[in-house]
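Undergrad: Please see the structure below; I have some questions.
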Amino acid sequence: MGLASLDLVDFRSFPAAQFSPDPDGTTVLLAPNGTGKTSILEAIGYLGTARSFRGATRDVMIRNGADDAYVRATVRRADTDVLIESQLSRHGRSRIQVNRQPAKTRRDLADAVAVTTFAPEDVSVVRGGPALRRDVLDDALLLLEPTAGSLLEDAARVLRQRGALLRQLHGRLGASEATTLDVWDERLGALGDELAARREALAVALSPRIAELYRTLAGEDGGVTATYARSWAGALLAALAVARSDDVRRGVSTIGPHRDDVVLTVDGRDARTQASQGEQRSLALAIRIAVHVEATAARGEPPLLLLDDVFSELDLGRSARLLELLPRGQTLLTTAVPPPAGLAGADLVDVRELHRDP
Amino acid sequence: MYPQPLRALIDELGRLPGIGPKSAQRMAFYLLRQPDEDARRLAGALVEMREQTSLCDVCCNVADRSGRCDTCSDTRRDTSVICVVEDPRDVVAVERSGAFRGTYHVLHGALSPLEGVGPDQLRIAELKSRLADGGVAEVIVCTNPNVEGDATAMYLSRELSGFGISMTRPASGLPVGGDLEFADDATLGRAFDGRRPLEG
Ligand SMILES: [Zn+2]
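Each protein sequence line maps, in turn, to chains R and D.
When the letters of the first sequence are read in order and numbered with the working numbering, they come out as residues 16 to 373.
When the letters of the second sequence are read in order and numbered with the working numbering, they come out as residues 114 to 313.
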C-alpha cells in the first residue's frame with residue numbers, strides 16, 4: 016500500500032498543489048521552515064484520521080480567503096487504486112469519500128489509508144492532558160479492530176446527547192426527564208463499559224512493548240508502565256446512578272470514557288509531571304512506535320509513515336535507532352536538517368516546487 | 114447587490130436542509146431565467162402542499178385533506194400490528210419491501226437533546242392512545258439503527274410496557290433508511306477539474 020498522488024486545493028498556504036511520491040519508497044520533503052512542508056503531511060494525515068495531527072481545527076486548514084479546502088489522494092494497492100476525496104468546509108459540512116462513497120466512520124478511513132505520524136507535538140501525549148492519551152488509544156483501536164469505528168462514534172454521540180440533556184435540565188430533574196435520562200444512561204453504560212474494556216486491554220498489550228522500546232531508545236533501563244485508569248469503578252450504569260445528582264447539578268457527565276486517562280510512569284515516577292524532557296520525548300516516541308509495530312502485525316503491512324521534523328529533535332544515535340526500530344513501508348518525512356545516513360536512496364523533493372496554478 | 118425580491122428568495126432557499134448560500138444563489142438565478150409558468154407551477158405546488166395535506170388522525174403519517182392516510186383507509190391492513198417509524202419516508206421504505214401488512218405509526222423524529230427533541234416533541238401520546246383503545250397485539254419499533262433511534266426504541270419499550278403488548282425491534286433496522294444521505298459525486302470532482310474564479 017502506498018500513496019501514489021496527492022492534490023491540494025486551498026489547503027493551508029497552497030492555492031493548488033500536486034505531489035506524486037513513490038508509493039513503495041521513502042520521500043524526503045526538503046525546504047526551509049514556513050514553506051508548508053508540514054502541511055503536506057497534515058493533509059495526508061487528515062485523509063487517514065479526519066483530523067490534524069497538529070491539533071488544528073478545520074478552519075485553520077482552509078486557506079485564508081477560501082471557503083472550502085479540498086484534499087484528494089490515490090492510494091495504490093496490489094490489486095487496485097483507492098480514491099480518497101475530502102472537502103473541508105468553513106460553512107457547510109465537511110466530508111470525506113472513499114471511492115466516491117461517503118466515509119461513515121473513521122475506521123473507513125483507516126482502512127483506506129492507515130497512517131502513523133511522528134511529530135514534535137507528540138511529546139504532549141506524555142506531558143499534556145488525558146484527552147491526548149485517550150486519542151492515542153482510540154487511534155490505535157481504529158487501526159487494530161474492525162468494529163472500533165462505530166463504537167467510538169456511538170460513544171461520542173451518546174456523550175454529546177447526554178450532555179445536551181443535562182444542560183437543558185438547569186439543575187432540576189423532573190419525573191419525565193428522569194425517564195429520558197435513564198435511557199441515555201443505559202446507552203452510555205453499555206458503550207462506556209465496552210470502550211473502556213477495549214482501551215484497557217490495548218494498554219495492557221502495549222505496556223511491555225513500550226517499556227522495551229523505551230529501553231532501546233533511551234539507552235537506559237528505566238522501568239516504564241502504561242496503565243488505563245477509569246473515571247469510575249464497577250459497571251458504568253451503576254456508577255452513573257450514583258453520580259446522577261452530581262451530573263444534574265453540574266450539567267455535565269462527570270464520569271465516563273471521556274474522563275478516563277492513561278497513567279504513564281518512568282521508574283515509578285509520574286511521567287507527566289516528574290520525568291525529564293528527554294525522558295518524556297523518548298517515552299512519546301516509544302508509544303508511537305509501539306502502536307505502529309502492533310498495527311503492522313495486525314494489518315500485515317506497515318501503515319504509511321509520516322515523520323514530521325523528528326530528526327531535529329533527536330541526536331544522531333537516537334535518529335539511527337528510530338529508523339532501525341520502525342517497520343517501514345512507504346515513508347514521507349520532512350526535515351529542515353540533513354536527514355540521517357539511514358535514509359540514503361530516498362527521493363528528495365523541494366516543497367516549493369509542488370505548487371500548481373489554480 | 115440584488116433586488117430585494119431576489120434576495121428574499123435566496124434567503125428562503127438557503128434555509129432548506131443541505132442548501133448552502135452558493136446553491137441557494139444558483140437555484141434562485143435558475144428560477145429567474147425559467148419561463149413564467151414554470152415558476153408559478155413551483156409556487157402552486159408549495160401552496161397546495163400546505164393547504165391540501167394534513168397528518169393522519171390515526172398514525173400521524175402524511176395524509177391528504179381527509180385526515181386519513183392510504184394505509185389506515187385500507188380495510189385489508191392488519192390493525193393488530195403497528196410498525197413505529199421516525200419519518201414518513203420510512204413508511205415508503207417498508208412498504209417497498211412488500212413484507213409488512215400491518216399499520217404504521219410515525220413519530221416525526223427521534224429523541225435528540227442536541228436538536229431539542231424530547232418525548233413531547235414526538236407523536237408518542239398519539240401512539241399511547243391507540244394502544245389504550247385496544248386491539249393491538251404487537252408493536253414493531255423500526256426507528257433508525259443509530260444512537261438516537263436506539264434510545265427512542267428503549268424509551269418506548271419503557272413507556273409502553275404497561276400496556277402488556279409484545280414489543281420487538283428488527284436487528285438490522287429498516288431495509289432502506291429514510292435519512293440516507295445522498296452524496297453529490299459531481300461536486301467534489303468539479304472542485305478539482307473545472308475550477309472557475311468566483312463571480313463578483
Ligand atoms: Zn394513517
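The C-beta atom is built at its ideal place from N, Cα and C for all residues, glycine as well.
Note that the structure is predicted; figures quoted are calculated from it, not measured.
CB of Val171(D) to nearest heavy atom of ligand 1: below 6 Å?
TA: True, at least one ligand heavy atom lies under 6 Å from that Cβ.
Undergrad: In three-state terms, what does DSSP make of His221(D)?
TA: Residue state, collapsed to three classes: coil.
Undergrad: Since Gly63(R) and Val130(R) should fall inside the 8 Å C-beta cutoff, what is the C-beta to C-beta distance between them, to a whole number of angstroms?
TA: So it is a contact: roughly 4 Å between Cβ atoms.
Undergrad: Could you say if the stretch 87–103 of chain R and the stretch 55–69 of chain R meet the contact criterion of at least three C-beta pairs nearer than 8 Å?
TA: Short answer: they touch.
Undergrad: Could you tell me if Arg154(D) is buried or exposed, where buried requires 16 or more neighbouring beta carbons within 10 angstroms of its beta carbon?
TA: Looking at its Cβ environment, which holds fewer than 16 other Cβ atoms inside 10 Å, Arg154(D) is exposed.
Undergrad: Report the three-state DSSP secondary structure of Gly215(D) (helix, strand or coil).
TA: Gly215(D) falls in the strand class under three-state DSSP.
Undergrad: Under 8 Å Cβ-Cβ, which residues of chain R neighbour Asp263(D)?
TA: In chain order: Arg202.
Undergrad: If we define contact as Cβ-Cβ less than 7 Å, is Gly186(R) a contact residue for chain D?
TA: Cβ-Cβ to chain D under 7 Å: no for Gly186(R).
Undergrad: Flag Met267(D) as yes if its beta-carbon sits less than 7 Å from any beta-carbon of chain R, otherwise no.
TA: Output row for Met267(D): interface = yes.
Undergrad: Tell me whether Ala190(R) is buried or exposed, calling it buried when 16 or more other Cβ atoms sit within 10 Å of its Cβ.
TA: Ala190(R) comes out exposed.
Undergrad: Any heavy atom of ligand 2 closer than 6 Å to the CB of Cys255(D)?
TA: Absent from the structure shown: ligand 2. Ligands present: ligand 1.
Undergrad: Return yes when the C-beta of Cys196(D) is under 6 Å from any heavy atom of ligand 1, and no when it is not.
TA: No, ligand 1 has no heavy atom inside 6 Å of this Cβ.
Undergrad: Measure from the C-beta of Val173(R) to each C-beta in chain D and report whether the shortest distance is under 7 Å.
TA: Val173(R) counts as touching chain D.
Undergrad: Using the beta-carbon count (16 or more within 10 Å), is Tyr243(R) buried or exposed?
TA: With 16 or more Cβ atoms within 10 Å of its Cβ, Tyr243(R) is classed as buried.
Undergrad: Kindly indicate the opening and closing residues of the alpha helix (DSSP H) around Gln292(R).
TA: Run containing Gln292(R): 292–314, per the alpha helix (DSSP H) assignment.
Undergrad: For Arg92(R), collect the residues of the same chain with a Cβ closer than 8 Å to its Cβ; drop the 5 residues on either side in sequence, then sort them by chain order.
TA: Cβ within range, chain order: Met16.
Undergrad: Show which residues of chain R have a CB atom less than 7 Å away from the CB atom of Gly231(D).
TA: Per Cβ cutoff of 7 Å: Thr195.
Undergrad: Could you work out which residues of chain D lie near Gly293(R), taking near to mean beta carbons separated by less than 9 Å?
TA: The premise fails here: Gly293(R) is roughly 44 Å from chain D at the closest Cβ pair, so nothing lies under 9 Å.
Undergrad: What first and last residue would you give for the beta strand (DSSP E) that runs through Phe26(R)?
TA: Residues 17–26.
Undergrad: Let me check you understand the geometry: is the CB of Asn174(D) closer than 6 Å to at least one non-hydrogen atom of ligand 1?
TA: Yes, since a heavy atom of ligand 1 falls inside the 6 Å radius drawn around the Cβ of Asn174(D).
Undergrad: Once DSSP output is grouped into helix, strand and coil, what is the label at Asp276(R)?
TA: Of the three classes helix, strand and coil, the one that applies to Asp276(R) here is strand, per DSSP.
Undergrad: Could you check whether Val198(D) and Val113(D) sit closer than 7 Å to each other, using their CB atoms as the reference points?
TA: Given a span of 114 to 313 for chain D in the structure shown, any question on residue 113(D) remains unanswerable.
Undergrad: For the stretch 190–201 of chain R and the stretch 268–280 of chain D, state whether three or more C-beta atom pairs, one from each stretch, are separated by less than 8 Å.
TA: As far as the Cβ criterion goes, the stretch 190–201 of chain R touches the stretch 268–280 of chain D, which means the pair count is three or higher.
Undergrad: Within a Cβ cutoff of 8 Å, which residues of the same chain sit near Asp306(D), ignoring the five residues on either side of it in sequence?
TA: Low confidence applies to Asp306(D): its pLDDT is 37, below 50, so where it sits in the model is not reliable, and the reading given next is rough at best. Correct list: empty, nothing qualifies.
Undergrad: Along chain D, in chain order, which residues have C-beta atoms closer than 7 Å to that of Gln183(R)?
TA: What Gln183(R) touches in chain D: Pro226.
Undergrad: Any C-beta of chain R sitting closer than 7 Å to the C-beta of Val219(D)?
TA: Closer than 7 Å: no.
Undergrad: Leu348(R) CB to nearest chain D CB: under 7 Å?
TA: It does not; no Cβ of chain D falls within 7 Å.
Undergrad: List, from N- to C-terminal side, the alpha helix (DSSP H) runs of 4 residues or more that fit wholly inside the stretch 42–112 of chain R.
TA: Fully enclosed alpha helix (DSSP H) runs of 4 or longer: 52–64, 73–76.
Undergrad: Please decide whether Val260(D) counts as near chain R, where near means a Cβ-Cβ distance under 7 Å.
TA: Taking Cβ atoms only, chain R reaches closer than 7 Å to Val260(D), which makes this a yes.
Undergrad: Enumerate in chain order the residues of its own chain whose CB-to-CB distance from His273(R) is below 7 Å, with the five nearest sequence positions on each side excluded.
TA: Same-chain partners within the cutoff: Leu174.
Undergrad: Thinking just about the alpha-carbon of each residue, which of Asn259(D), Thr216(D), Glu261(D) is nearest to the one in Glu251(D)?
TA: That would be Thr216(D), whose Cα lies nearest to the Cα of Glu251(D).
Undergrad: Got a sec: is the Cβ-Cβ distance from Leu180(R) to anything in chain D below 7 Å?
TA: Yes - at least one Cβ of chain D is within 7 Å of the one on Leu180(R).
Undergrad: Just verifying my parser: in three-state terms, what is the DSSP assignment at Phe326(R)?
TA: DSSP places Phe326(R) in coil when its eight states are reduced to three.
Undergrad: Go ahead and label Ser260(D) buried or exposed: buried means 16 or more other beta carbons lie within 10 angstroms of its beta carbon, across all protein chains shown.
TA: The sequence given here has Val at residue 260(D), not Ser. Its Cβ being crowded by 16 or more others within 10 Å, Val260(D) is buried.
Undergrad: So Ser28(R) contacts chain D; which residues on that side make the cut at Cβ distance below 9 Å?
TA: Residues of chain D passing the Cβ test: none, with the nearest at roughly 18 Å.
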